[in-house]
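First to last, the protein sequences are chains G and L.
Residue numbers for the first sequence, in numbering that gives the first Met the number 0: 0 to 302.
Residue numbers for the second sequence, in numbering that gives the first Met the number 0: 0 to 237.
Glycine residues also receive a C-beta, built at the ideal position from the N, C-alpha and C atoms.
A quick note: this is a predicted structure, and the numbers were derived from the prediction, not measured.
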Amino acid sequence: MQFFLQQCLIGITNGALVALVALGYTMVYGIIRLINFAHGDLIMLGACLALTLVTASGLAGTGTSATWLGIVLLVAACGLFCGGLNVAVDRVVYRPLRSAPKLAPLVSAIGVSFIFMNVGLFWLGPADRSFPELLPTTNLLGGEGLQFTAKDLLVLVVVVPLMAALSLLVRCTRLGKAMRAVSQDPTAAALVGVDVDRVIAFTFFVGGFLGGAASVIYGLYINTISFQMGFQNGLYAFTAAVLGGIGSIPGAVVGGLVIGLVRALSSAYAGERWTGAIVFAILIVILVFRPEGLLGRSTREKV
Amino acid sequence: MMPLLEVRDLEAGYGPIRALDGVSLDVAEGELVAIIGANGAGKTTLLMAISGVVPVRAGVIRFADRPLAGLAPHEIMRLGIGHAPEGRRIFPRLTVRENLELGGFTQTDRRRLEQDIAEACGLFPVLGDRLGQMGGTLSGGEQQMLAIGRALVGRPRLLLLDEPSLGLAPLIVAKVFEVIAALSARGIAVVLVEQNARAALKLAARGYVLETGRITLTGTGPELAADRRVRDAYLGEG
Numbered sequence: 000m001q002f003f004l005q006q007c008l009i010g011i012t013n014g015a016l017v018a019l020v021a022l023g024y025t026m027v028y029g030i031i032r033l034i035n036f037a038h039g040d041l042i043m044l045g046a047c048l049a050l051t052l053v054t055a056s057g058l059a060g061t062g063t064s065a066t067w068l069g070i071v072l073l074v075a076a077c078g079l080f081c082g083g084l085n086v087a088v089d090r091v092v093y094r095p096l097r098s099a100p101k102l103a104p105l106v107s108a109i110g111v112s113f114i115f116m117n118v119g120l121f122w123l124g125p126a127d128r129s130f131p132e133l134l135p136t137t138n139l140l141g142g143e144g145l146q147f148t149a150k151d152l153l154v155l156v157v158v159v160p161l162m163a164a165l166s167l168l169v170r171c172t173r174l175g176k177a178m179r180a181v182s183q184d185p186t187a188a189a190l191v192g193v194d195v196d197r198v199i200a201f202t203f204f205v206g207g208f209l210g211g212a213a214s215v216i217y218g219l220y221i222n223t224i225s226f227q228m229g230f231q232n233g234l235y236a237f238t239a240a241v242l243g244g245i246g247s248i249p250g251a252v253v254g255g256l257v258i259g260l261v262r263a264l265s266s267a268y269a270g271e272r273w274t275g276a277i278v279f280a281i282l283i284v285i286l287v288f289r290p291e292g293l294l295g296r297s298t299r300e301k302v
Numbered sequence: 000m001m002p003l004l005e006v007r008d009l010e011a012g013y014g015p016i017r018a019l020d021g022v023s024l025d026v027a028e029g030e031l032v033a034i035i036g037a038n039g040a041g042k043t044t045l046l047m048a049i050s051g052v053v054p055v056r057a058g059v060i061r062f063a064d065r066p067l068a069g070l071a072p073h074e075i076m077r078l079g080i081g082h083a084p085e086g087r088r089i090f091p092r093l094t095v096r097e098n099l100e101l102g103g104f105t106q107t108d109r110r111r112l113e114q115d116i117a118e119a120c121g122l123f124p125v126l127g128d129r130l131g132q133m134g135g136t137l138s139g140g141e142q143q144m145l146a147i148g149r150a151l152v153g154r155p156r157l158l159l160l161d162e163p164s165l166g167l168a169p170l171i172v173a174k175v176f177e178v179i180a181a182l183s184a185r186g187i188a189v190v191l192v193e194q195n196a197r198a199a200l201k202l203a204a205r206g207y208v209l210e211t212g213r214i215t216l217t218g219t220g221p222e223l224a225a226d227r228r229v230r231d232a233y234l235g236e237g
């Protein structure tokens with residue numbers, strides 16, 4: 000029983016990380032119906048910056064309040080970096096293709112993904128790089144029972160507030176309302192005075208910011224980064240977004256948690272090598288019965 | 000007097016199709032102008048070109064003495080042109096209230112926005128009853144009212160209405176047209192694009208007939224309603 004709970008805890012923590020990345024896919028898809036294949040590699044670049052900053056600042060692992068402050072600054076810096084980079088890519092690559100057939104921006108996104116990967120290769124080198132341990136691995140719950148370390152805590156203290164802030168932003172602010180309007184009908188949104196390109200740029204920024212935060216957590220939690228990490232992590236996160244219902248923000252969170260749990264439980268009970276197969280088998284089964292994803296829209300509107 | 004809206008020799012279209020082929024028209028401050036024509040004549044393209052959604056290839060559009068060339072749709076809206084587009088295009092997964100709030104997206108004064116929303120609900124009381132409901136769950140007539148209400152919350156000087164009667168029950172059409180007349184009486188200029196030529200010409204001070212991208216006939220509402228060609232082609236009295 001305790002083993003099972005431990006795996007669930009691991010699954011939830013990993014899933015929260017997947018969800019943070021999945022949000023970047025689902026938000027961009029929601030607003031311009033583009034699967035941003037470069038998102039995973041954007042996060043890899045965020046991790047490069049995080050490693051560079053940690054190394055340069057000499058932030059060391061003791062788990063003191065200075066370390067925590069350093070981590071918050073790191074999240075902010077990498078968030079701004081990935082958000083800004085995402086906006087720049089939208090401006091230079093996707094915006095000129097806005098009225099082109101859907102395949103054009105999609106192929107361009109794949110191209111951006113390769114460009115990012117090569118920048119990462121140049122930045123990190125070809126080998127895996129270890130990310131410094133900034134947090135102690137002592138069990139916060141004490142004793143020999145369930146393991147819950149400062150690293151697990153880190154994931155939750157970063158992810159939960161970010162998701163709460165995102166939810167507030169989208170549901171309660173003027174800009175959030177404009178985002179939802181643009182995702183439903185960009186022309187109608189423009190006709191009521193919404194600057195559609197600015198709203199799209201903002202969406203890219205938010206998705207990129209969350210990805211940048213995820214990159215820092217990834218480094219601190221997984222402790223190994225490489226220029227190839229974007230592909231696989233991006234694929235899982237994209238899968239989570241589709242599983243939850245692409246375009247749906249709560250769907251990305253649920254999808255991320257499901258993927259995290261399935262991965263953890265299948266690694267524990269079926270073996271690591273089956274994880275990928277099981278995750279995608281479940282994805283296929285769910286999509287056969289619910290093509291719109293778990294929380295995707297299935298209601299029909301009157302026309 | 001300078002017209003509020005002035006369109007000169009306008010050419011516009013999608014891809015290789017030239018939907019408008021040298022259209023000129025004027026709308027004075029507070030005037031209600033009808034544009035009638037068959038399906039595919041270019042009526043919607045004309046309104047979309049005025050709003051900046053469809054690019055202008057040649058010709059000039061001036062609003063309040065200002066050329067609109069090169070302006071994006073949201074900038075044109077901010078100059079005072081409201082647009083209730085064809086097919087209503089309300090936001091189906093936003094509430095009625097959120098739809099109306101978006102109509103006043105450019106209004107930064109919260110109190111005035113609330114006033115404008117209340118005013119729109121005054122014109123269309125059914126909207127006030129359904130503020131919390133999703134736009135997509137409204138009936139066709141209610142959606143049309145919401146589309147017009149949403150445009151009004153933006154405080155337009157000129158309102159472009161594209162087929163507001165399309166697909167609506169006669170009773171609802173009468174209600175919508177009543178409100179359109181009231182708007183015009185309040186000094187809002189209206190361009191009313193309609194297939195329902197009879198109702199539109201009854202309401203309009205002036206009208207234009209658009210045929211395959213050209214204006215073929217123009218006159219006052221009663222003149223056009225009495226014209227042989229209009230009666231034959233659009234009023235079904237041939």
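* Does the beta carbon of residue 52 (chain L) sit closer than 7 Å to a beta carbon anywhere in chain G? -> yes
* To do: Can you tell me the Cβ-Cβ gap for residue 190 (chain L) and residue 159 (chain L), rounded? I've got them flagged as a contact below 8 Å.
  => 5 Å
* Asked: Using the beta-carbon of each residue, which ones in chain G are nearer than 7 Å to residue 102 (chain L)?
  -> 191
* **Residue range of the unbroken beta strand (DSSP E) whose run includes residue 112 (chain G)** => Per DSSP, residue 112 (chain G) belongs to no beta strand (DSSP E); it is in the alpha helix (DSSP H), 102-123.
* **Where residue 176 (chain G) falls, given that 16 or more other Cβ within 10 Å makes a residue buried** => buried
* With distances taken from CA atoms, which of L:155, L:71, L:81 and L:147 is nearest residue 174 (chain L)? -> L:147
* With distances taken Cα to Cα, identify the nearest neighbour of residue 255 (chain G) among G:2, G:11, G:1 and G:3. => G:11
* Members of the region 77-107 of chain L that neighbour chain A once the beta carbon cut-off is set at 7 Å -> Absence of chain A from the displayed structure is noted, the protein chains being G and L.
* Please determine if the region 33-45 of chain L and the region 65-78 of chain L are in contact, where contact requires at least 3 C-beta pairs separated by less than 8 Å. => no
* **residue 133 (chain L) in three-state terms, based on DSSP** => strand
* Is residue 25 (chain L) helix, strand or coil when you go by DSSP? -> strand
* **Rounded distance between the beta-carbons of residue 20 (chain G) and residue 213 (chain G), thought under 8 Å** => 5 Å
* Those residues which DSSP pairs with residue 81 (chain L) across a bridge -> L:158
* Under 7 Å from the C-beta of residue 149 (chain L): neighbouring residues of chain G -> 191
* Beta carbon of residue 85 (chain G), beta carbon of residue 207 (chain G): below 7 Å? -> yes
* **Nearest residue (CA-CA) to residue 293 (chain G), options G:275, G:239 and G:266** => G:239
* From this set, G:190, G:142 and G:215, which residue's C-alpha is nearest residue 157 (chain G)'s C-alpha? -> G:215
* To do: State the DSSP-derived secondary structure class of residue 3 (chain L), mapped to helix, strand or coil.
  => coil
* Using a threshold of 7 Å, state whether the C-beta atoms of residue 193 (chain L) and residue 85 (chain L) are closer than that. => no
* **Residue nearest to residue 101 (chain L) in terms of C-alpha spacing, selected from G:274, G:96, G:189 and G:146** => G:189
* Asked: Opposite residue 129 (chain G) in the DSSP bridges: which residues?
  -> G:223
* To do: Report the residues of the region 157-177 of chain L with a CB closer than 8 Å to any CB of chain G, ordered along the chain.
  => none
* Taking 8 Å as the threshold, find out whether the region 256-276 of chain G comes into contact with the region 3-12 of chain L through three or more Cβ pairs. => no
* Can you find a CB in chain G that lies within less than 7 Å of the CB of residue 3 (chain L)? -> no
* Selection from G:100, G:43 and G:118 that minimises the alpha carbon distance to residue 224 (chain G) -> G:43
* Same chain, Cβ closer than 6 Å to residue 17 (chain G), five either side skipped, listed in chain order -> 235, 236, 239, 255, 258 and 259
* By how many angstroms is the C-alpha of residue 139 (chain L) removed from the C-alpha of residue 126 (chain L)? -> 13 Å
* **Within-7 Å CB hit, residue 15 (chain L) to chain G** => no
* To do: Would you list the one or two residues that DSSP bridges to residue 37 (chain G)?
  => Looking at the DSSP assignment, residue 37 (chain G) forms no beta bridge with any residue, so it has no partner.
* **Nearest-angstrom Cα separation, counted from residue 115 (chain G) out to residue 99 (chain G)** => 23 Å
* **is_contact[residue 155 (chain L), chain G] using C-beta, thresh 7 Å** => no
* Any chain G beta carbon closer than 7 Å to residue 72 (chain L) -> yes
* Is the number of C-beta pairs between the region 72-83 of chain G and the region 47-56 of chain G that are closer than 8 Å three or more? -> yes
* **Close Cβ partners of residue 2 (chain G) (< 6 Å) along its chain, the five nearest in sequence each way excluded** => none
* Asked: Any idea what DSSP makes of residue 152 (chain L), helix, strand or coil?
  -> helix
* Could one say the Cβ of residue 18 (chain G) lies closer than 7 Å to chain L's Cβ atoms, at least one of them? -> no
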